[in-house]
């Protein structure tokens with residue numbers, strides 16, 4: 680039973696690793712492919728709403744994720760950028776880096 684559980688977690692991790700995020704500054708688009716067998720979804724920079732850093736805590740931070748909140752055709756989508764355990768500082772660096780690539784000002788990402 681434990682081997683099966685470990686195998687399922689290994690498959691989930693392998694699928695997450697195959698995801699791609701591509702930012703095309705010239706076309707002003709963000710292409711997101713969650714796993715290798717799914718077709719990519721394309722968002723325009725204008726669809727961007729804000730970044731979200733969330734953490735789950737139990738005495739210490741157990742899990743933290745950084746996501747971009749997009750609004751495409753009136754539907755709100757959350758695009759995961761990065762995930763860490765125990766720390767949130769790297770997530771802030773990821774969002775700052777992506778904001779720099781997208782050409783957003785500090786007040787735009789607050």
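In this note's numbering, the protein residues as written are 680 to 789. All C-beta atoms, glycine included, are put in the ideal place defined by N, C-alpha and C. Bear in mind the structure is a predicted one, so any value in this text is a computation, not a measurement.
Nonlocal neighbours in the same chain, by C-beta distance under 6 Å from residue i, ignoring five residues either side
{"i": "residue 699", "result": "712"}
Delimiting residues of the beta strand (DSSP E) encompassing residue i
{"i": "residue 744", "result": "739-751"}
{"i": "residue 759", "result": "754-763"}
Beta-carbon proximity list for residue i, same chain, < 7 Å, skipping 5 on both sides
{"i": "residue 759", "result": "744 and 746"}
Alpha-carbon to alpha-carbon, residue j and residue i
{"i": "residue 729", "j": "residue 764", "result": "22 Å"}
{"i": "residue 781", "j": "residue 750", "result": "16 Å"}
{"i": "residue 724", "j": "residue 736", "result": "32 Å"}
{"i": "residue 721", "j": "residue 739", "result": "36 Å"}
{"i": "residue 683", "j": "residue 694", "result": "17 Å"}
{"i": "residue 733", "j": "residue 686", "result": "28 Å"}
{"i": "residue 681", "j": "residue 691", "result": "15 Å"}
Residue range of the unbroken alpha helix (DSSP H) whose run includes residue i
{"i": "residue 695", "result": "681-696"}
{"i": "residue 714", "result": "From DSSP, residue 714 is part of no alpha helix (DSSP H); its letter is neither H nor E."}
Cβ shell of residue i (< 8 Å), same chain only, five flanking positions each side left out
{"i": "residue 798", "result": "Limits of the chain in this structure are 680 at one end and 789 at the other, which puts residue 798 out of reach."}
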